[in-house]
Amino acid sequence: MPPPAPPPRPTELAPPAQVEAPRPPERPAELSPPAEAAKAREAEPVKPADGGEVPAPPPRPAELSAPALAITVAPVDDGACRRRLERLGARFEPLPAITNGQCGAARPLKVTALADDLALAPPVTLVCEAAESLARWATEAQAAAERDLGQPLKGLTIGTSYECRGQNHDPDAKLSEHSFANGIDVMGFTFANRPALSVLAAPEGTPEATFLAAVRGRACAFFRTVLGPGSDAAHANHLHLDERQRNAGHRLCQ
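If you're matching positions, the sequence shown starts at 34 in the working numbering and goes up one per residue.
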């Protein structure tokens, strides 16, 4: 059998009926100006009493009237780098800042020679970081010349250091690191008692090929970009060395 139904709820316990809250009385008509009149009063200019002129605002305080300060970025201090460059035996002198559109360098150096009077022909214009990398690499090249060719290295033949241009001389390409005095092209090497050696593909197995492979490989330890014969047609006759910054410290060594 189904369970019995519960007894009905007593009327005195039933919830009261929902009563609507009273609304506020309407605003008297005399206190409610038409919208058009209110807008007209808002648009009406303020007139001074007695027909006089509106007084001018007080002058701006002098301390608030100074022109806005120009935002300038100070060039990176390369003093420590220059001291290291001196200890490496490099000869150099500071040059005025280079500014040429998007190209330029804040603190370029003119480097004329490296350790052991290793001549740079012609002298190069580089920022200190690139010059330091060149000086460190040159000590490795000097050791390779003694080992592989039996001759001391006397000089580096330079193609380009600073030059405002696009990569691979393409005017529509991204600016080369040469544009920031941050790259250098080495065309060849000179020695005391043997003919100069150009950066070209030497016959395999010869001392010249061994030397060129050694100096190219060591350059990858000092520069972030190393390109040369075999990389592409634009670098078939020289070593391009630069310090281009890349994401996550990536280096390009080809």
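Cβ coordinates follow ideal geometry from the N, Cα and C atoms, glycine included.
Quick caveat: nothing in here was measured; it's all calculated off a predicted structure.
The beta-carbon separation of residue 141 and residue 160, rounded to 6 Å, stays under the 8 Å limit for a contact.
Listed in chain order, the non-local C-beta contacts of residue 244 below 6 Å within the same chain comprise 177, 181, 182, local neighbours out to five positions each way being set aside.
The beta carbon of residue 193 sits closer than 6 Å to the beta carbons of 211, 218 from its chain, once the five residues preceding and following it are set aside; these are given in chain order. Between the alpha carbons of residue 206 and residue 198 lies a distance of about 9 Å. A distance below 6 Å between beta-carbons, with the five flanking residues on each side excluded, links residue 261 to the following residues of its chain, in chain order: 249, 268, 272.
Rounded to whole angstroms, residue 184 and residue 256 show a C-alpha spacing of 25 Å. When C-beta atoms of the segment 134-150 are compared with those of the segment 219-235, fewer than three pairs fall below 8 Å, so the two segments do not count as touching. Under the three-state reduction of DSSP, residue 257 is assigned to coil, being neither helix nor strand. Here residue 59 carries a coil assignment [DSSP, helix/strand/coil]. C-alpha of residue 265 to C-alpha of residue 174: approximately 23 Å in a straight line. Taking a C-beta distance under 8 Å as the contact criterion, residue 191 and residue 236 do not qualify as a contact pair. In this structure, DSSP gives residue 239 a state outside helix and strand, which the three-state scheme calls coil.
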